[in-house]
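Engineer:
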Amino acid sequence: MKVKVGKRVYDSQKLPIMLVMTEAEREQIAEMPPDARKYAQFPEGFGDEKAMREWMQLPEAGGKTLVT
Numbered sequence: 016m017k018v019k020v021g022k023r024v025y026d027s028q029k030l031p032i033m034l035v036m037t038e039a040e041r042e043q044i045a046e047m048p049p050d051a052r053k054y055a056q057f058p059e060g061f062g063d064e065k066a067m068r069e070w071m072q073l074p075e076a077g078g079k080t081l082v083t
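The letter at position 14 of the sequence shown is residue 29 when you use this note's numbering, and the numbering goes up by one with no holes.
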């Protein structure tokens with residue numbers, strides 16, 4: 016599992032990761048299509064859908080984030 020926070024990507028192969036989810040987030044994840052691999056939450060005013068999708072890129076997908 017990898018978790019991206021800001022510009023950093025944390026890998027559970029290198030350090031422990033825990034997600035604390037609300038019941039609503041659990042329900043949203045449960046309703047995701049079987050082939051979906053990413054779930055993200057953004058603060059109000061973060062940007063438009065294009066900005067959000069660009070932020071969701073990982074290094075293996077061509078992004079420029081740091082994997083820790």
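Ideal Cβ positions, reconstructed from N, Cα and C, are used throughout, including at glycine. In this text, all values refer to a predicted model and were calculated from it rather than measured experimentally.
Tell me the rounded alpha-carbon separation between V93 and D50.
Structural biologist: A query on residue 93 cannot be resolved here, the shown segment of the chain reaching from 16 to 83 and no further.
Engineer: Apply the 10 Å Cβ neighbour rule to R52 and answer buried if 16 or more other Cβ atoms are within range, or exposed otherwise.
Structural biologist: The residue in question, R52, is exposed, as its Cβ has fewer than 16 Cβ neighbours within 10 Å.
Engineer: Below 8 Å between beta carbons: does that hold for M71 and A55?
Structural biologist: The answer is yes: Cβ separation under 8 Å.
Engineer: Would you give the residue range spanned by the beta strand (DSSP E) that R23 belongs to?
Structural biologist: First-last of the beta strand (DSSP E) with R23: 23 to 26.
Engineer: Is M47 closer than 8 Å to F57 when the C-beta atoms are compared?
Structural biologist: Not in contact: F57 and M47 (Cβ atoms no closer than 8 Å).
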